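Only one structure is covered here, and it is reproduced in the block below.
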Amino acid sequence: MSLVACMVHAAEPLRLEVAIERALAAHPALAAEAARLRAAEARAAHDSLPPPLVLGAQLEDVAGTGAVSGLDGAQATVQLERTIELGGKRAARRAAG
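So that you can map any letter, position 7 of the sequence shown is 58 in my numbering, and since no number is skipped, the others follow by simple counting.
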């Protein structure tokens, strides 16, 4: 048996995770490309979401005088807003992303 054959038999099998770690450590461009891929996947996931809900609140006529002093005459308004996309805008955004 040759020396090379003995060394091959003595070595542990290389696991996929270890091989990937070594390749990324030896080639930084691969790590940068992996980061770009993750960013593109995150953008695609974000672009597939509907527009967010927006919650708003207003408080008016606070701290008046006389009969409407303090919070007695206050008016509160709560608003919930959502953009409704028409004309295939969401599908177009997904296709562009």
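Ideal placement from N, C-alpha and C gives every residue a C-beta, glycine not left out.
Computed from a prediction, not measured in an experiment: that's the story for all the values here.
CB-CB length for residue i against residue j, believed under 8 Å
i, j, result
"Leu104", "Ala127", "In fact, because the Cβ distance is near 19 Å, the residues do not count as touching under 8 Å."
Own chain partners of residue i with C-beta closer than 6 Å, once the 5 adjacent residues on each side are dropped
i, result
"Leu75", "Leu81 and Ala82"
"Gln130", "Gly107"
"Glu68", "none"
Residues of its chain near residue i, where Cβ-Cβ distance is below 8 Å and the 5 sequence neighbours each way are ignored
i, result
"Ser120", "Ala114"
"Arg66", "none"
Spatial distance of residue i from residue j (CA atoms)
i, j, result
"Arg133", "Ala96", "19 Å"
"Ala90", "Glu84", "10 Å"
"Pro64", "Pro101", "47 Å"
"Leu122", "Lys140", "44 Å"
"Glu72", "Ala86", "14 Å"
"Leu145", "Thr116", "First, the amino acid is wrong: residue 145 is Arg here, not Leu. In a straight line, the C-alpha of Arg145 is about 55 Å away from that of Thr116."
"Pro79", "Glu136", "41 Å"
"Ala77", "Gly138", "48 Å"
Which listed residue (the options) has its alpha carbon closest to that of residue i
i, options, result
"Ala142", "His78, Ser99, Glu92 and Ala86", "Ser99"
Sub-8 Å separation of residue i and residue j beta-carbons
i, j, result
"Asp112", "Ala125", "yes"
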